[in-house]
Amino acid sequence: MAGVYLDTSALGRVLLAEPDAAAIRSVLDQHDDWWSSELVVVELRRFAVRENLMDPAEKLLNEIDLLNIDSDVLQRASRVEPSEVRSLDAIHLDAAIHLREQGKIGSILTYDHQLQAGCRHHGLEIVAPSPAG
Numbered sequence: 015m016a017g018v019y020l021d022t023s024a025l026g027r028v029l030l031a032e033p034d035a036a037a038i039r040s041v042l043d044q045h046d047d048w049w050s051s052e053l054v055v056v057e058l059r060r061f062a063v064r065e066n067l068m069d070p071a072e073k074l075l076n077e078i079d080l081l082n083i084d085s086d087v088l089q090r091a092s093r094v095e096p097s098e099v100r101s102l103d104a105i106h107l108d109a110a111i112h113l114r115e116q117g118k119i120g121s122i123l124t125y126d127h128q129l130q131a132g133c134r135h136h137g138l139e140i141v142a143p144s145p146a147g
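If you want it as structure tokens, here you go:
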């Protein structure tokens, strides 16, 4: 199965053992490849420091293939539509679009509403599982 793109909104829920963490893990188990932008390293580590969860954060980060952030990525992200997508989310959105074009991902796992709007705009499949009820 094609890989899945992850952002910090999903990974943070796993780290905090939120009610939907098991559903997120179930989605992750269906994919051999987990992808994100290098931006996730900064975001997840900053989050983990605040929550005192560095060890589990590092374990998650070690499982993710990272797309490098270079000047081309930043140039594309600065222009990606829709304009309402915030700056850091634009980097994630550009990375997801790029990875889909390369056939490396089939969906993006995110709970961020603005990023989801950007994904819909570009026809990216969004995965945001709810807790099993």
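Remember, this note's numbering sits 14 above the position in the sequence shown when you count from 1.
C-beta: ideal position from N, C-alpha, C; glycine also.
Source: prediction; values computed, not measured.
query	result
So the candidates are Asp46, Gly132, Arg90, Ile38; which of them puts its Cα closest to the Cα of glutamate 98?	Gly132
Rounded to a whole number of angstroms, what is the C-alpha to C-alpha distance between leucine 20 and arginine 100?	17 Å
Let me check understanding here. Comparing Cα to Cα, which of Asp126, Leu81, Gln89, Ala62 lies closest to arginine 114?	Leu81
Whole angstroms are fine: how far does the CA of glutamine 44 sit from the CA of isoleucine 83?	27 Å
Straight-line CA distance for isoleucine 38 to histidine 112?	23 Å
With a Cβ-Cβ cutoff of 8 Å, do arginine 27 and alanine 16 count as a contact?	no
Please check the pair alanine 91 and aspartate 108, which I expect to be a contact at CB under 8 Å, by giving their CB distance rounded to whole angstroms.	4 Å
Is serine 51 helix, strand or coil by DSSP?	strand
Is it buried or exposed for isoleucine 105, if we count other Cβ within 10 angstroms and need 16 for buried?	buried
If you run the structure through DSSP and keep just helix, strand and coil, what is serine 92?	helix
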